[in-house]
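Visitor: Everything in the sequence shown is counted per UniProt numbering, starting at 1 for the first residue and increasing by one.
Yeah, the Cβ is synthetic: ideal placement off N, Cα and C, and Gly gets one too.
Before anything else, here's the structure in question.
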Amino acid sequence: MVAAGTDAQEQEEDVKLQKDSKQLLAEFTTSLPKFAWRPTSGHGNAQQKPRSYVDTRETDRLVLLLEPFQELPQLLDPHLQELIPALANILLLCLQLNPSSDEPKSLSRATNQRLIPLQRAICKILYTFCKIRGPKVIVRFLSTETKYIELLLSTIEAGVLADNEGPNEESNEESNEEPIAQKSGWSWEERYIVLLWLSHLLLAPFGLASISSTNSTESKGQAIAGLSWSGNVPVLTRRVIALATRYLTVSSKDREAATVLLVRIAMRKDMQQLGVLDSLVKWALSQLCASSPGTSSYHSIGILSFLAGLLSSSVSTMDMDSYAYNILLLVQEISTSDSAFCKEIRSSAVARKLVIKIIRTIAVLYLQNEQVNSAEVVESAIGHMFDLISDPATPVRVAASKSLSVITMKLSPEFATQIVEEALGALSQNTSTKKCDSVTMRTRLDFSRVNAMEWHGLILTISHLTFRHSSPKSTLSDIVPTLIHALSFEQRSTSGHSTGINVRDAACYGLWSLVRRYSTEELLAIPAPASSASSAMTGSFAIADDSVIKSVARELIVSACLDPSGNIRRGSSAALQELIGRHPDVVEEGIALIQVIDYHAVAVRTRAMKDVVLAASKLSLSYAHALISGLLDWRGIGDSDDSVRRLAATVIGQLVAGPSLYGGHVQWSWFNEIIADLESIEIQSGSKIRAIEERQGRILSLAQIVKTLRPVMKKPSKDNIESMVPPTIDVDQPTIMHLRVLLQEILTDPSLLQNVAARRQELIAEAVSQLINATYPMPVTDAIQAYVKGKSVRFLTKGLLGAAEIPASDDVYDQQAHIKNLFQASTTTWLPHLDTAKTLVEKWLARNEKEVMDAASEAAAGLLFLVDDTSRQAWIKSWANTVSKEAPGRSGQNLGYLYAIFNAYPLAGDLKQSINDAIHTRWRSTYDVDVRVTVLQRLACSDVLDTDAAAFSDLISEGLDDYTTDTRGDIGSLVRVEALNAADRMWQNSSSNEDLFRSICGKIIRLAAEKMDKVRTEAQETTLRLCSQGSEFGQLSPSSREYFSFLLHLHTDDHRSSVPFESSWLVDMLEGYVGSADTGSEDLLRASRAALADFCDENADLVSSAMWEVLKRNEKNDKVLVPALEVMSFLFDIGAAQKTQLNWFNLYALLTRAHYQTGNVRKVEACIKVYGGLVEVYPKVLQKLTSLLGHPWPRIRNQAADTLFVARGVGKGISWNNPPKVNKQNIEVLRKELQI
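Below you can see the structure in the form of structure tokens.
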């Protein structure tokens, strides 16, 4: 019961990246020079030149080498100083040269479509760095020499002209004519990098008028509608503004770079003095006011982003004070107006986010400068933020919460307290405390009626306030419980999708901020929360918190171990580490705790839920309390994932009953409270949402607890029977009685048979079957205790109390007799419910879910111990009859009964032959791949082959030969894999099964050489049984040349094999080998043929004779014959077959029979290939080849003509595509030339 599927998408990408980062960067650094620079000539003083065009595939490869670093961007930092300037220098060279000056005039169309200009490729790579590390970091490594301003500006202006005059990028992709010429326009990556670089260069500390070229003309500064400026504005400024405004309203990423550039030039002091800032602000406001409903939303986004950038850059200055009020009025109108244009702007999440940013910055400016109406502006801004705190778009909520925290930080403590109280008050709406059960009194907040998006925004607001240390200390006593409850927030949509991840993530950030920003003294002064998500229990689970730090630590432990989201588990781990590091000697076993709950250890959920939970529970009982409470909730047995519920149930059993965790003593008080908890919830869960899943989780937990307790209940000793019934059983006999009553209630629950939803009935079937399987040894325990008090016990054996595991030896019959005597000597209340349990189990055996079949079959076999001989025989006969009959409907029906009769096989006695016949009848009645796979799986995992291998060896042999195909492909490979597992199990008992195993050895070696990778890999493990050097063979890759060479040498090198190698096994092996050497993958074909060629150097006769046997044996089987013919032609090609003493006439006769009147084109082609080699030693083949020149298929005629030309040099200049009648005369001429 391992939640393997849970971790399918939880790979530790950052761990993998840390290991691979050096290799990725080394490959990137090594590839870059070859990618960008032309090879130099042999002259020592030759100057290296950049390429003009590069392959798009190579560009994409370099980008893909960088993409993984998005997981850990800081790994790039040590290399940026080397890589970014190198890329920037290449870009400058590209811009200085004519891109197509030395490019060949004519290139193929396919080649042209794969090529892009080098400068575009470099910009793509630079943009990737910006995407990973951020443009503000990357731009610092670009050159700041102002001499490049003119170069960058003029080249991008040329690109603008090319975009205006030529077709755009979209049309380039659709056109097939002159692709390179059409690529003269700039891509958005090129514009983004150049605009970003220009914005960096404009940080120059001297006036732009001194930079402007004297040769520049006014015409280069295009007129901009609605924008006017004074006549003394430098030409460079006009050109930059014209360029930036052009791309300010586009939809691509270069809009961001254009915004930065426009803000940068507007905020320069020299430009402000020339009125550029004033002109641009008025222009932006006019553009928004003059916009109509038909205007693109990107136009409004660009203008708003420009205004937001101006305001952000003016913080701590008074540059924008005169414009702030007008901008505020405009954005307020956009936020509230019902006009079509304003509604269109508000429909964009990006625009709403920009409006928030503008309003926040204006509020900060008013507070900073203490203007007259600042209170009104701030109050309006705060109200606007609270209105958008529940926005459907996550970026908008994040912006609103961050803005609230920034504004609050500027307010007095009194007003800051009001904002925090407002947020806490909003969080308390629509929430109520619900009682999970009436026994343990566990409680938690009911989040079913709250708005998850509003909670995310409000919790994020509180977290931002905490991070900035803006929350007044008086509010911390309310903030901490709120964050703790939010850490366990969960809400699911009607489709089952979780909508609470954002809330828990924000809460995790808030707790991390709390323990980081506040001192130990400040936190110890906060009263401990009255209840929390993981500790709100009474009785043995009641936890008395003496500090808020301990309470927070416990909640972070539960979240780090159990949360479904990997990011939250890791975030909780990081927050826990921060807490223990900054507040030492407060948390119990703090250092050991952070070593257990490591950032990387909790990355995979199965490991976190099992290994980490068990390790953390050993450190303190309080941690175990909290983790058990969490496992009993939605993060454990209430999870929507079936595999997680199974794993949670297993861990609960180990925590409650695992004696190794707590000094060898079972926590019986825990046990009793958990049983009561499970029982009470079981009774009330019938009408809840997802009640079936929750019910399954709780029954599975009960079953796992009982299973874990079974070793405690049985400690047998051969010498003293009293030790078989330890005092633990007597002391806790009420617990056992409680379990018995609860099982009876579950078995008699009518919902198990009637009211369970059909689509989820398999969950209850699995859970109750597990419970029956866990509890059926208890009647034996009861009987023993009654028997020990007044009867002789000299017949009791060690295996008696281990009845849960059916032994595979003859002692089982003696144990049945002892159990029968025990039941006759004692009174048990279990037996009246056996018929009910049998009815349920038999109903569930008819289901097809693997988990149900496993659990139900184990329960069915266990129940056989508790009935008399007559009932046992009747049950087994009924199951055997069901198995022998072909189930109606689709395939794979009633497989559960196959599971059951294999589990019951040791108890069958005289009915073993009936079981054998039933299985064989079902196997051979109608081909059903599911039945065959199931039979072989049960043979491999049961003890049947240890005692009765001869009865089922024929099924294993047939399974090894199953090559059935249908529309799904080679479905027989599934059977072959399971047959190999069964054969391996049979070999484990080699003393009695060696002869049977040797009878199928040839088939196993054949599968070890076949073309299917999964079959070959499985066969390699089984073939190890034959190898004396098994460790060497096991380490070889099953697709390597060495692997196939080892298989071939098994026949000739006695030291490689642990058993005498029979000659027939080589023929068997070659039947599979020819598939790998003909129709396998390219790598497999090369490896197998190379190994065969090497082997033939010394064993040509052996291989040729064996291949002859393969051809004879499979003359009617094209699946083997055609590959065998191809390999035979290969032996002729390498000159191995010609050296042998084969009977060439017999081979010739077999070939003629093979292609006579066949419709298999590939078989005829393979025969012609063999004819081509055979002609060297058997000239009569020429007659057959010339006759094939009249074959009705042109493909065959052409191949025969090619073979004749290679062999004798005849037939040149004749078109064999003409009909045979046309070439009849040519055929006669060829025959005369060949003298046949």
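Kindly confirm or deny that the stretch 388 to 408 and the stretch 351 to 363 touch, where touching means at least three C-beta pairs closer than 8 Å.
Guide: Yes, the stretch 388 to 408 touches the stretch 351 to 363.
Visitor: Can you name the residues that DSSP bridges to Arg492?
Guide: Taking the first residue of the sequence shown as 1, we reach residue 492 at position 492. Ser498, per the DSSP bridge assignment.
Visitor: So, do the stretch 1228 to 1236 and the stretch 1185 to 1196 have three or more beta carbon pairs nearer to each other than 8 Å?
Guide: yes
Visitor: What does a CB cutoff of less than 7 Å around Arg517 pick up in its chain, not counting 5 residues either side in sequence?
Guide: Numbered from its first residue, the sequence shown carries residue 517 at position 517. Result list for Arg517: Thr466, Phe467, His469, in chain order.
Visitor: Quick one: grab the DSSP three-state call for Ile1005.
Guide: Sequence index remark: in the sequence shown, residue 1005 carries index 1005 (1-based). Reduced to three states, the DSSP call for Ile1005 is helix.
Visitor: Pull the bridge partners of Trp37 from the DSSP assignment, please.
Guide: Stepping through the sequence shown from its first residue, residue 37 is reached at position 37. Bridge partners of Trp37: Pro50.
Visitor: Count the other CB atoms, across all protein chains shown, that sit within 10 Å of the CB of Ala36; report buried if there are 16 or more and exposed otherwise.
Guide: One-based indexing of the sequence shown puts residue 36 at position 36. Label assigned to Ala36: buried.
Visitor: Are the beta-carbon atoms belonging to Asp962 and Gly972 less than 8 Å from one another?
Guide: Position 962 of the sequence shown, counted from the start, is the residue given in the question as residue 962. Position 972 of the sequence shown, counted from the start, is the residue given in the question as residue 972. Yes.
Visitor: Taking Val54 as the reference, give the member of Leu75, Ser1105, Ile125 with the closest Cα.
Guide: Your numbering for residue 54 matches position 54 in the sequence shown. It is Ile125 whose Cα lies nearest to the Cα of Val54.
Visitor: Quick check on the burial criterion: 16 or more other C-beta atoms within 10 angstroms. Buried or exposed for His200?
Guide: For the purposes of this step, residue 200 is taken as the residue at position 200 of the sequence shown. Under this definition His200 is a buried residue.
Visitor: Residues in its own chain within less than 7 Å of Glu1010 by CB, not counting five upstream and five downstream?
Guide: Counting from 1 along the sequence shown, the entry for residue 1010 is found at position 1010. Within the same chain, Arg1016, Gly1072, Gly1075, Ser1076 come within 7 Å of Glu1010 by CB-CB distance, once the 5 residues on both sides are set aside.
Visitor: Count the other C-beta atoms from every protein chain shown that fall within 10 angstroms of the C-beta of Lys1129, then say buried if there are 16 or more, exposed otherwise.
Guide: The sequence position of residue 1129 within the sequence shown is 1129, counting from 1. Looking at the sequence provided, one finds Ser at residue 1129 rather than Lys. Classification for Ser1129: buried.
Visitor: Return the CA-CA distance between Ile692 and Gly959, expressed in angstroms with no decimal places.
Guide: Counting from one through the sequence shown, the residue named residue 692 turns up at place 692. Counting from one through the sequence shown, the residue named residue 959 turns up at place 959. Roughly 39 Å between the two C-alpha positions.
Visitor: Which term fits Asn1223, buried or exposed, when burial requires 16 or more other beta carbons within 10 angstroms of its beta carbon?
Guide: Translated into the one-based positions of the sequence shown, residue 1223 becomes position 1223. Buried is the label assigned to Asn1223, since at least 16 other Cβ atoms lie within 10 Å of its Cβ.
Visitor: Return the CA-CA distance between Ile479 and Glu454, expressed in angstroms with no decimal places.
Guide: Numbered from 1 along the sequence shown, position 479 holds the residue referred to as residue 479. Numbered from 1 along the sequence shown, position 454 holds the residue referred to as residue 454. Ile479 and Glu454: Cα-Cα distance of roughly 16 Å.
Visitor: In angstroms, rounded to a whole number, what distance separates the CA positions of Arg760 and Leu845?
Guide: Indexing the sequence shown from 1 puts residue 760 at position 760. Indexing the sequence shown from 1 puts residue 845 at position 845. Roughly 16 Å between the two C-alpha positions.
Visitor: Quick one: what does DSSP say Leu1102 is sitting in, helix, strand or coil?
Guide: Here the question's residue 1102 lines up with position 1102 in the sequence shown. It is helical.
Visitor: Please look up how many angstroms separate the CB atoms of Val931 and Arg938, rounded, as I've assumed it's under 8 Å.
Guide: As a position in the sequence shown, residue 931 is number 931, starting the count at 1. As a position in the sequence shown, residue 938 is number 938, starting the count at 1. Not quite, the Cβ-Cβ distance comes to about 11 Å (not below 8 Å), so this is no contact.
Visitor: Buried or exposed: which applies to Ala1149, given that a residue is buried once 16 or more other Cβ atoms fall within 10 Å of its Cβ?
Guide: Here residue 1149 refers to the residue found at position 1149 of the sequence shown. By the 10 Å Cβ count, Ala1149 comes out exposed.
Visitor: Use the C-beta contact count for Asp446: other C-beta atoms within 10 angstroms, 16 or more gives buried, fewer gives exposed.
Guide: Working through the sequence shown from its first residue, we reach residue 446 at position 446. Counting Cβ neighbours within 10 Å, Asp446 comes out exposed, since fewer than 16 surround it.
Visitor: Tell me the rounded alpha-carbon separation between Lys838 and Gly425.
Guide: To locate residue 838, count along the sequence shown from 1; it is residue 838. To locate residue 425, count along the sequence shown from 1; it is residue 425. The straight-line gap from Cα to Cα measures roughly 56 Å.
Visitor: Report the option in Arg635, Val586, Ser300 whose CA atom is closest to the CA atom of Thr606.
Guide: Here the question's residue 606 lines up with position 606 in the sequence shown. Closest option to Thr606, Cα to Cα, is Arg635.
Visitor: Can you round the beta-carbon distance between Leu483 and Gly510 to whole angstroms, since I take them to be within the 8 Å contact cut?
Guide: As a working mapping, residue 483 is identified with position 483 in the sequence shown. As a working mapping, residue 510 is identified with position 510 in the sequence shown. Contact flag correct, Cβ pair sits at about 5 Å.
Visitor: Going by beta carbon distance, what residues of the same chain come within less than 8 Å of Phe997, once the five residues before and after it are set aside?
Guide: The count along the sequence shown starts at 1 and reaches residue 997 at position 997. Once the five neighbours on either side are set aside, the close Cβ partners of Phe997 are Ala983, Met986, Trp987, Ser990, Arg1025.
Visitor: Quick one: Cα of Ile1214 to Cα of Glu1126, how far?
Guide: Here residue 1214 refers to the residue found at position 1214 when the sequence shown is read from its first residue. Here residue 1126 refers to the residue found at position 1126 when the sequence shown is read from its first residue. A straight-line Cα-Cα distance of about 27 Å links Ile1214 and Glu1126.
Visitor: Can you give me the C-alpha to C-alpha distance between Ser884 and Leu864, rounded to a whole angstrom?
Guide: The residue labelled residue 884 in the question sits at position 884 within the sequence shown. The residue labelled residue 864 in the question sits at position 864 within the sequence shown. Answer to the nearest angstrom: the Cα atoms are 21 Å apart.
Visitor: Note the first and the last residue of the continuous alpha helix (DSSP H) segment covering Pro413.
Guide: For the purposes of this step, residue 413 is identified with residue 413 of the sequence shown, where counting begins at 1. Residues 413 to 428.
Visitor: When the distance is taken between beta carbons, is Ser405 closer than 8 Å to His464?
Guide: By one-based count along the sequence shown, residue 464 stands at place 464. By one-based count along the sequence shown, residue 405 stands at place 405. Yes.
Visitor: Within 8 Å, do at least three Cβ pairs link the stretch 692 to 705 to the stretch 763 to 778?
Guide: The stretch 692 to 705 and the stretch 763 to 778 touch, with three or more beta-carbon pairs separated by less than 8 Å.
Visitor: Tell me whether Pro117 sits in a helix, a strand or coil according to DSSP, three-state version.
Guide: Residue mapping note: residue 117 aligns to position 117 of the sequence shown, counting from 1. In the displayed model, Pro117 falls within a strand according to three-state DSSP.
Visitor: Tell me, please, which residues DSSP counts as bridged to Asp55.
Guide: Your numbering for residue 55 matches position 55 in the sequence shown. Answer is Leu115, bridged to Asp55.
Visitor: If you run the structure through DSSP and keep just helix, strand and coil, what is Gly969?
Guide: Stepping through the sequence shown from its first residue, residue 969 is reached at position 969. Three-state DSSP puts Gly969 in a strand.
Visitor: Could you check the C-alpha separation between Thr417 and Leu460 for me, to the nearest Å?
Guide: As a working mapping, residue 417 is identified with position 417 in the sequence shown. As a working mapping, residue 460 is identified with position 460 in the sequence shown. Rounded to whole angstroms, Thr417 to Leu460 spans 16 Å at the Cα level.
Visitor: Output the distance between the C-alpha atoms of Ser1045 and Trp1144, rounded to the nearest integer angstrom.
Guide: To locate residue 1045, count along the sequence shown from 1; it is residue 1045. To locate residue 1144, count along the sequence shown from 1; it is residue 1144. Put simply, the backbone Cα of Ser1045 is about 28 Å away from that of Trp1144.
Visitor: For Ala649 and Leu330, what's the separation of their Cα atoms in angstroms?
Guide: Walking along the sequence shown from the start, residue 649 turns up at place 649. Walking along the sequence shown from the start, residue 330 turns up at place 330. Whole-angstrom Cα-Cα distance: 59 Å.
Visitor: Report the partner residues of Tyr941 according to the DSSP bridge assignment.
Guide: In the sequence shown, residue 941 corresponds to position 941, counting from 1. Before going on, a small fix: residue 941 reads as Cys here, not Tyr. Its beta-bridge partners do not exist; DSSP assigns none.
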